[in-house]
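As structure tokens, the structure follows; a few thoughts come after it.
Number of protein chains: 2
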Amino acid sequence: MWSVQDHLDDILAAVRPLDPIELNLLDAQGCVLVDDITVPLSLPPFDNSSMDGYAVRVTDVAGASEEFPAVLEVVGDVAAGQADPLSVGPGQAARIMTGAPLPPGAETVVPVEWTDGGLGEGPVAGMRARSLAPEGAEGQVHVYRPAEAGAHVRAQGSDVRSGDRALEAGTVLGPPQIALLAAIGRGKVRVRPRPRVVVLSTGSELVQPDEELGPGQIYDSNSFALTAAARDAGAIAYRVGAVADDAETLRSTIEDQLVRADLMVTTGGVSVGAYDVVKEALAHVADEDEPGSGVDFRKLAMQPGKPQGFGSIGPDHTPLLALPGNPVSSYVSFELFVRPAIRTLMGLPDVHRPTVTAVLAAQRPLSSPKGRRQFLRGTYSDGSVTPVGGSGSHLVAALAHADALIVVPEDTESVEPGTEVEVVLLG
Amino acid sequence: MWSVQDHLDDILAAVRPLDPIELNLLDAQGCVLVDDITVPLSLPPFDNSSMDGYAVRVTDVAGASEEFPAVLEVVGDVAAGQADPLSVGPGQAARIMTGAPLPPGAETVVPVEWTDGGLGEGPVAGMRARSLAPEGAEGQVHVYRPAEAGAHVRAQGSDVRSGDRALEAGTVLGPPQIALLAAIGRGKVRVRPRPRVVVLSTGSELVQPDEELGPGQIYDSNSFALTAAARDAGAIAYRVGAVADDAETLRSTIEDQLVRADLMVTTGGVSVGAYDVVKEALAHVADEDEPGSGVDFRKLAMQPGKPQGFGSIGPDHTPLLALPGNPVSSYVSFELFVRPAIRTLMGLPDVHRPTVTAVLAAQRPLSSPKGRRQFLRGTYSDGSVTPVGGSGSHLVAALAHADALIVVPEDTESVEPGTEVEVVLLG
Chain R
1 MWSVQDHLDD
11 ILAAVRPLDP
21 IELNLLDAQG
31 CVLVDDITVP
41 LSLPPFDNSS
51 MDGYAVRVTD
61 VAGASEEFPA
71 VLEVVGDVAA
81 GQADPLSVGP
91 GQAARIMTGA
101 PLPPGAETVV
111 PVEWTDGGLG
121 EGPVAGMRAR
131 SLAPEGAEGQ
141 VHVYRPAEAG
151 AHVRAQGSDV
161 RSGDRALEAG
171 TVLGPPQIAL
181 LAAIGRGKVR
191 VRPRPRVVVL
201 STGSELVQPD
211 EELGPGQIYD
221 SNSFALTAAA
231 RDAGAIAYRV
241 GAVADDAETL
251 RSTIEDQLVR
261 ADLMVTTGGV
271 SVGAYDVVKE
281 ALAHVADEDE
291 PGSGVDFRKL
301 AMQPGKPQGF
311 GSIGPDHTPL
321 LALPGNPVSS
331 YVSFELFVRP
341 AIRTLMGLPD
351 VHRPTVTAVL
361 AAQRPLSSPK
371 GRRQFLRGTY
381 SDGSVTPVGG
391 SGSHLVAALA
401 HADALIVVPE
411 DTESVEPGTE
421 VEVVLLG
Chain D
1 MWSVQDHLDD
11 ILAAVRPLDP
21 IELNLLDAQG
31 CVLVDDITVP
41 LSLPPFDNSS
51 MDGYAVRVTD
61 VAGASEEFPA
71 VLEVVGDVAA
81 GQADPLSVGP
91 GQAARIMTGA
101 PLPPGAETVV
111 PVEWTDGGLG
121 EGPVAGMRAR
131 SLAPEGAEGQ
141 VHVYRPAEAG
151 AHVRAQGSDV
161 RSGDRALEAG
171 TVLGPPQIAL
181 LAAIGRGKVR
191 VRPRPRVVVL
201 STGSELVQPD
211 EELGPGQIYD
221 SNSFALTAAA
231 RDAGAIAYRV
241 GAVADDAETL
251 RSTIEDQLVR
261 ADLMVTTGGV
271 SVGAYDVVKE
281 ALAHVADEDE
291 PGSGVDFRKL
301 AMQPGKPQGF
311 GSIGPDHTPL
321 LALPGNPVSS
331 YVSFELFVRP
341 AIRTLMGLPD
351 VHRPTVTAVL
361 AAQRPLSSPK
371 GRRQFLRGTY
381 SDGSVTPVGG
391 SGSHLVAALA
401 HADALIVVPE
411 DTESVEPGTE
421 VEVVLLG
């Protein structure tokens with residue numbers, strides 16, 4: 001019997017982060033940066049106005065008030081993106097828009113609300129739209145308040161400077177990191193790609209949803225659940241669906257799928273039955289010339305999810321996890337083993353679900369098989385966890401109402417209500 | 001001046017959940033179920049074995065032990081998915097696989113590990129693979145332990161029963177809920193679709209990343225950040241990119257894009273400048289025959305993000321949020337207003353980011369403008385929050401290193417280190 005930890009360690013020791021590729025910025029969302037990113041240009045690239053107003057010299061507005069406004073000659077507009085800004089001499093002002101470069105000669109910006117906007121009728125709330133006055137600003141402006149040097153000016157390099165470290169290798173790219181990369185002009189980045197995960201369920205009893213169920217048949221749910229779970233973990237997941245219990249069919253299906261798989265996940269057929277084809281098909285795929293190839297089937301000291309397979313197949317040694325077929329077993333196995341494998345392939349810093357300690361809220365003690373780590377389904381709220389459904393690994397409905405796994409350690413056979421237990425939060 | 005809350009309330013009062021559509025199960029991941037789902041068939045649909053073993057009658061194995069095994073006649077195999085199972089008479093056993101229907105006459109299952117597997121050489125670890133013994137089970141089996149009625153049998157309906165409520169309207173479909181829907185045969189579900197969000201930045205100063213920057217120009221980062229943020233919130237987001245400051249171009253671009261938008265987001269051009277084209281282009285789009293149409297521009301008592309626009313445009317009254325153009329202002333505005341709007345369109349129960357109370361860890365007091373709710377960037381850890389960068393709304397680098405917003409209320413002008421503050425966790 002393998003322990004849960006040993007099996008996980010074995011998987012994580014074998015699975016390596018995928019080779020980096022260059023992706024367009026928005027395609028890299030959620031991925032991990034491979035290189036440190038250095039800022040190629042200072043931000044802002046030039047001194048610019050943080051307000052809509054007038055760019056002026058400090059002395060020209062010193063002491064200005066509503067009673068004794070400074071009256072300045074307006075030399076024109078400086079708009080954002082304007083290539084060749086005006087220059088501002090003594091006694092002059094340029095009407096300036098937010099983000100526009102501070103014109104030569106100007107030392108500060110007075111917001112338009114501190115002026116008459118050139119209209120000669122006291123303080124204004126804003127500028128006249130250009131469409132109403134296409135000639136731009138001209139004539140005189142009355143300024144009613146003084147401004148210090150650099151007021152309402154965002155200095156060149158006040159955000160980041162050329163040569164600064166923008167982001168470190170290993171950063172996960174969320175919206176704010178994407179904002180920074182775009183702002184410094186990076187349209188592409190080298191990241192570890194999302195792994196392509198192929199999900200395949202096995203079992204001659206499995207029927208597609210929406211089809212008619214014959215005697216002895218059930219609907220395939222594992223391939224749906226694990227495809228969704230793989231996407232949730234960050235992967236690009238392909239659902240192959242159910243393959244009948246025939247070793248040759250299974251082997252050729254897996255071989256076909258290898259071309260689009262960075263990781264292969266199967267469910268079912270891994271136990272001690274005569275029709276356990278995954279075990280049969282994969283137990284002997286090891287290439288004698290390729291050390292480390294092949295899939296190893298083992299029993300884990302856990303419940304649910306005792307029978308498990310792990311190894312690699314095909315010319316690229318694609319990792320394969322063979323999970324048990326009971327719906328709850330396969331889902332719990334996914335959470336414990338496949339999700340960390342996917343996140344390791346992505347190079348993510350944090351591959352595990354968060355765990356917390358919670359007080360068991362239950363009517364009766366929980367019982368757990370000796371020598372096996374048990375994962376019961378529960379709902380977590382505010383430091384307490386309540387079991388949902390029983391320990392049966394076929395209880396899909398209870399699973400669908402749970403948001404946590406209650407962990408009962410190997411050496412514990414009974415847990416009293418009110419006791420503290422470890423809980424895995426399913427997010 | 002509008003308060004943050006009044007502006008948000010105004011948006012949420014106007015934005016309605018999208019009309020439901022029927023989607024394939026995996027396409028509905030992350031979406032909200034519209035109808036209560038009733039279980040059409042019991043799960044399991046029939047009594048079936050939870051182990052690989054032998055289906056037997058209870059009395060035939062009563063008192064069995066290694067010393068005095070019960071010896072039964074094997075009538076054949078019952079595999080999962082087998083349509084016409086054998087029947088088990090007195091003194092007989094059927095070799096049965098996990099998930100296979102319990103054959104008529106059998107009352108219990110003994111695991112194969114409690115038998116000699118028909119080989120006559122004491123307890124076995126598993127069955128012989130079918131490929132090695134294609135004739136199936138025959139001859140005799142020695143059973144070494146008794147089993148109670150129903151042992152290792154999953155009873156019909158023990159998971160859910162026909163007519164039970166499987167999932168309630170309003171449930172968000174994650175992997176376990178998808179598992180349950182597939183298990184009860186639902187290949188399609190009616191959900192509220194992910195909203196299509198068109199993101200458009202404005203500004204003649206904006207240049208695409210990877211292109212060369214001319215004088216007075218900066219890279220467009222808002223359209224990248226907000227497209228990523230919209231996806232993160234659950235939307236299907238389209239980035240249009242930067243439109244120059246020309247009202248007619250902007251108006252026609254928006255009209256073009258309306259066909260694929262459930263929500264329109266613009267950045268820039270909403271303040272008091274003469275070139276603020278969003279305001280100019282949209283302030284007068286209201287159709288007099290259509291009450292409620294048009295975009296309203298307002299000042300909010302917040303920092304960053306004072307100028308904001310909200311309304312609806314086009315024949316379908318598509319909601320439009322016009323955010324300010326400073327990168328931090330637009331991102332904070334997205335978090336506060338657009339994200340809840342997207343999640344309302346999806347019908348999600350929880351539209352807001354989680355907030356917590358944290359102790360301010362800072363060298364100096366924070367200062368905040370009177371009468372405005374300030375949102376500073378910070379990093380949250382373990383009950384304490386540390387400001388990152390200053391309050392400038394152009395500080396993109398600091399934003400990229402933050403994971404929280406520190407909220408300073410309107411009536412607070414200074415926050416001492418060690419004080420408790422409200423923190424929005426950016427997830």
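Sequence order for the protein chains is R and D.
With the UniProt record's numbering applied, the first sequence covers 1 to 427.
With the UniProt record's numbering applied, the second sequence covers 1 to 427.
Built from N, CA and C at the ideal position, the CB exists for glycine as well.
_Near-chain D residues of the segment 93–109 of chain R (beta-carbon distance less than 8 Å), N- to C-terminal order_ = R95, M97, T98, G99, A100, P101
*Is R/H7 helix, strand or coil by DSSP?*
helix
*Which runs of the alpha helix (DSSP H) fall wholly inside the segment 220–246 of chain D and span at least 4 residues, in chain order?*
222–233
_With 16 other Cβ atoms within 10 Å as the buried cut-off, status of D/I236_ = exposed
*Enumerate in chain order the residues of its own chain whose CB-to-CB distance from R/V332 is below 7 Å, with the five nearest sequence positions on each side excluded.*
P304, G305, F375, L405
*Mind listing the chain R neighbours of D/E205? Cutoff is C-beta to C-beta under 7 Å, in chain order.*
A80, G81, G99
*Closer than 8 Å, CB to CB, is R/L376 near chain D or not?*
no
*asked:* So, with DSSP's three-state summary, where would you put R/T59?
replied: helix
*For R/K306, does the three-state DSSP call read helix, strand or coil?*
coil
*Looking at the unbroken beta strand (DSSP E) that takes in R/K279, where does it start and where does it end?*
R/K279 -> not in any beta strand (DSSP E); alpha helix (DSSP H) instead, spanning 277–282.
*Quick one: what does DSSP say R/A322 is sitting in, helix, strand or coil?*
strand
_So for D/Q208, helix, strand or coil by DSSP?_
coil
*Span of the beta strand (DSSP E) around R/A400*: Premise fails: R/A400 lies in the alpha helix (DSSP H), 396–400, not in any beta strand (DSSP E).
*Is the shortest distance between the beta-carbon of R/E280 and the beta-carbons of chain D less than 8 Å?*
yes
_R/F46, DSSP secondary structure in three states_ = coil
*In chain D, which residues lie with their C-beta within 7 Å of the C-beta of R/G214?*
A83
*Determine the chain D residues that contact R/R231 at a beta-carbon separation under 7 Å, and present them in chain order.*
Q29
_Pull the bridge partners of D/I37 from the DSSP assignment, please._
D/L167
_the segment 339–359 of chain D: positions lying closer than 8 Å to chain R by Cβ_ = none
_Please identify, using Cβ separations under 9 Å, the residues of the segment 155–176 of chain R that lie next to chain D, in order along the chain._
S158, D159, V160, D164, A166, L167, T171, L173, G174, P175, P176
*asked:* Just to make sure I have the definition right: I need the residues of chain D whose C-beta is within less than 9 Å of the C-beta of R/V332. Which are they?
replied: The premise fails here: R/V332 is roughly 10 Å from chain D at the closest Cβ pair, so nothing lies under 9 Å.
*Along the chain, where does the alpha helix (DSSP H) that runs through R/A179 open and close?*
175–183
_Beta-carbon proximity check, R/P176 vs D/A358, cutoff 8 Å_ = no
_Buried or exposed, going by whether 16 or more other CB atoms sit within 10 Å of the CB of R/L300?_
buried
*Enumerate in chain order the residues of its own chain whose CB-to-CB distance from R/I37 is below 6 Å, with the five nearest sequence positions on each side excluded.*
A166, L167
*If we call anything under 8 Å between Cβ atoms a contact, is D/G170 one with D/V39?*
no
*Listed by chain order, chain D residues near R/H394 by CB distance under 8 Å*: L43, P44, S50, R154, S158, D159
_Which of the three DSSP states is assigned to R/T253 in this structure?_
helix
*D/Q82 and D/G118 look like a contact to me (Cβ under 8 Å); what is the Cβ gap, rounded to whole Å?*
At roughly 18 Å, the Cβ-Cβ gap does not stay under 8 Å, so D/Q82 and D/G118 are not in contact.
*Helix, strand or coil: which one does DSSP assign to R/Y54?*
strand
*Could you tell me the boundaries of the alpha helix (DSSP H) in which D/R298 lies?*
Counting along the chain, D/R298 falls outside any alpha helix (DSSP H), though it belongs to the beta strand (DSSP E) covering 294–299.
*Are R/A50 and R/R154 close, meaning C-beta to C-beta below 8 Å?*
In the sequence on display, residue 50 of chain R carries Ser and not Ala. Against a cut-off of 8 Å, the Cβ pair of R/R154 and R/S50 comes out as a contact.
*Which whole-angstrom value describes the C-beta separation of D/A28 and R/V396, a residue pair presumed to lie in contact below a C-beta threshold of 8 Å?*
No, D/A28 and R/V396 are not in contact; Cβ-Cβ is about 17 Å, not under 8 Å.
*May I ask which residues mark the beginning and end of the beta strand (DSSP E) holding D/L345?*
From DSSP, D/L345 is part of no beta strand (DSSP E) but of the alpha helix (DSSP H) over 339–345.
*Neighbour-count burial assignment, D/P315, 16 or more Cβ in a 10 Å radius*: exposed
*Which residue or residues does DSSP assign as beta-bridge partners of R/E22?*
R/R190
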